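Read the structure below first, then the notes.
Protein chains: 2
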Amino acid sequence: MTILEQIDKINRQLTAKGYKLTSQREITLQILLENENDHLSAEEVFMLVRAKFPEIGLATVYRTLELLSELHIVEKMNFGDGVARFDLRDDSHAHMHHHLICTDCGLVKEIKDDWLSEIEKRIENEFGFKVTDHRLDFTGSFNNCTSGDCKRKSKAVS
Amino acid sequence: MTILEQIDKINRQLTAKGYKLTSQREITLQILLENENDHLSAEEVFMLVRAKFPEIGLATVYRTLELLSELHIVEKMNFGDGVARFDLRDDSHAHMHHHLICTDCGLVKEIKDDWLSEIEKRIENEFGFKVTDHRLDFTGSFNNCTSGDCKRKSKAVS
DNA sequence: ATTCATGCAAACCATTTGCAGATCA
DNA sequence: TGATCTGCAAATGGTTTGCATGAAT
C-alpha cells in the first residue's frame, strides 16, 4: 500500500466517525508514515511537521496524536524516559511488535515475530481475559554494543 | 522471609553502596512490602508513609523511590495513566511478572508464570542481545467484567 | 568535620485546556 | 448556520531541584 493509499484509508476511518482530514492532520500522518519505525515523541513529530507546515501549533499535534490514538490508528507508548512516543499501528502486525531496549546506548530496536498468540490463547482460557493488545519490551544490551556508540538502526531513546 | 528480614537485606544492599537506611527510607520500604501487589504511585506511597511518619516530605519519597529503582530494589513502571508506579522486585520472579490490564474497569491483575525464558534465549542467539529484564503487559477485558464493577483483587489504575 | 539526607518551596516540562477566530459541510 | 478544528497562551500536574538545616559516622 502506498502512502497515499494509506492516508486515503485513514481518511475514510476519520470521516466514518465524523472527523475531518485537515491539512494539519494529513501532514502529521505523512510524517508518521515516513518514520514508521522511529517511535517519535510529540515534540519530534511537531518539529518534523513544522518543517512542512510552519503555522502549525504544538497543541494541534498533541490533539491529532491523541485522536489517532483513540481510533487505534497510532499506538501511544512509553519507554520510561518521560515522553510519550507514537507509532503507526499495522493491524497485521498487532501480535508481532516488540522492542529490544539497550541500556548501554539507548537504542530501541523493533522486532517483528509472532511469539505471543499461543500465550494469549492460554490467557483467555486460564484467566477468562480477552486480550486485545499487548506490549512486550526487553531491556538488556547488545553483545556488540560499545556503550554509547552503537550502530543506530532505529531512533534512540535517551 | 519476614518483612524485617527483607528490610535487613535491603539495608545491607544500601550500606554496601554507601547509602543509609534512614527512618524515612525504612518506613517507605515497609509500605512497599505491605503492598507488594498494588503498583502504588509515588503519591500513594507518600500518603501511606505519611500516616506513619507525618513529617516526611513528598520529595523524600520521590528520592527514595528513585534510589531504590536505581539499585533495582523496586521496579518503576508506567501503565500510561500519567503516573509512575512502583513495585518491589523479587529476583526469583524476574521472568514471571506480567500484567493483565482491563480496559473496562482499570483493574491491573498481576500474573506470575514463566513464559519468556525460552524467548529470551532465542533473542540472545538471534539478535546478540543479552536480556536483563522485560515487561509484558496485556490489555483487554475480563469476560466477567461488568464495566466499572469488577471484583478488584488488585489496585485499580484509573 | 565531613558526608549524606531531609523538608520546603520553587522550578521544570510534557501535556492539556479555554477561548476566539478560521474552516468546512 | 452549525459543527468541527486551529493557534495561542495560560493552566495543570507529576516530578525534580536548590538550598539551608539536620543527622550520622
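As given, the protein sequences belong to chains A and B, one line each in that order.
Sequential numbering of the first sequence, starting at 0, is according to numbering that gives the first Met the number 0.
Sequential numbering of the second sequence, starting at 0, is according to numbering that gives the first Met the number 0.
Beta carbons: idealized from backbone N, C-alpha and C, even for Gly.
Only a predicted model underlies this, so the values are computations on that prediction, with no experimental measurement involved.
- Proximity of B/LYS129 to chain A, defined by a Cβ-Cβ separation below 8 Å, is satisfied.
- Assignment of beta strand (DSSP E) within the segment 36 to 115 of chain A, counting only whole runs of 3 or more residues, yields 73 to 77, 83 to 87, 97 to 101 and 107 to 110 in chain order.
- Residue burial is scored here from C-beta neighbours: B/ARG121 has fewer than 16 other C-beta atoms within 10 angstroms and is therefore classed as exposed.
- When the beta-carbon positions are compared, A/ARG62 and A/GLU74 stay at least 8 Å from each other.
- Taking C-beta atoms as the reference points, B/HIS96 and B/GLU109 count as a pair closer than 8 Å.
- Contacts with chain A at 8 Å (Cβ-Cβ) include B/THR138.
- A/ARG84 is a Cβ neighbour of A/LEU39, given a cutoff of 8 Å.
- The contact set of A/ASP90 on chain B, defined by CB atoms closer than 7 Å, is empty, because the minimum CB distance reaches about 15 Å.
- Within chain B, the residues whose beta carbon sits less than 8 Å from that of A/ASP132 are PHE137, THR138 and GLY139, listed in sequence order.
- Judged by DSSP in its simplified three-state form, B/LYS16 adopts coil rather than helix or strand.
- When DSSP states are grouped into helix, strand and coil, B/THR131 belongs to the strand group.
- Think of a sphere of 9 Å around the beta carbon of B/GLY105: no beta carbon from chain A falls inside it, the nearest being about 14 Å out.
- Rounded to whole angstroms, the Cβ separation of A/ASN77 and B/ASN77 is 5 Å, and the two are in contact under 8 Å.
- Take the alpha-carbon of B/HIS133 and the one of A/LEU135: they are about 7 Å apart.
- Here B/PHE128 is actually not in contact with A/GLY79; their C-beta atoms are around 18 Å apart, not less than 8 Å.
- Taking a C-beta distance under 8 Å as the contact criterion, A/PHE141 and B/VAL130 do not qualify as a contact pair.
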